[in-house]
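Data block below; observations after.
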Amino acid sequence: TLKSSGVTLPKVWEQGKEFEANYTVNASIKAGPVSAAADGSVLLKNRVATMNEKVTAGGKEYDAARVDTTIEITLSMGGQSIPKTTVTTKNWYAKNVGLVKQETGGRFGRQVVEYIGNK
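Numbering (my numbering), first residue to last: 1 to 119.
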């Protein structure tokens, strides 16, 4: 990340609240034996979908705020634009814990990450 602007997480959480963060990036891309440098931007469009959703993470149930995010990645390599990639995430934040679950999906598949606590 070379430069960032906007809001990563809001100070005040309210259902329906929207906020954005924008990043200017440089990346190294490797596909098999080919590698190249790329530059571009990553835009995160966020919306607080709900303030009190029950979610299970790491075998424990939490009351959490869910933030839905659309991530738009725009890159170019050697002056050539790469088709824009869009990824969606759902992030659940529990009071006094933080991020407890994240579901990410896009054309490359789906990934789920869960907080398992201190063991």
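All C-beta atoms, glycine included, are put in the ideal place defined by N, C-alpha and C.
Inter-residue CB distance, residue i and residue j (contact presumed, cutoff 8 Å)
i, j, result
"S41", "T70", "Their Cβ separation, rounded to whole angstroms, is 14 Å, which puts S41 and T70 out of contact at 8 Å."
"K45", "E14", "Actually they do not touch by this definition, with Cβ atoms about 17 Å apart."
"G117", "G58", "6 Å"
"N122", "Q102", "Residue 122 lies beyond the range of the chain shown here (1 to 119); nothing can be said about it."
Assigned secondary structure, residue i (DSSP; H/G/I helix, E/B strand, else coil)
i, result
"R107", "coil"
"E114", "strand"
"G6", "strand"
"E14", "coil"
Practice item. Within the stretch 21 to 98, note down every full alpha helix (DSSP H) run reaching 4 residues or more, in order along the chain. Key: You should have found no qualifying run.
Point to revise | Any 3 or more C-beta pairs closer than 8 Å across the stretch 59 to 67 and the stretch 21 to 33 | key: The stretch 59 to 67 vs the stretch 21 to 33: no contact.
Point to revise | Three CB pairs or more closer than 8 Å across the stretch 77 to 90 and the stretch 98 to 114 | key: Touching, per the Cβ criterion.
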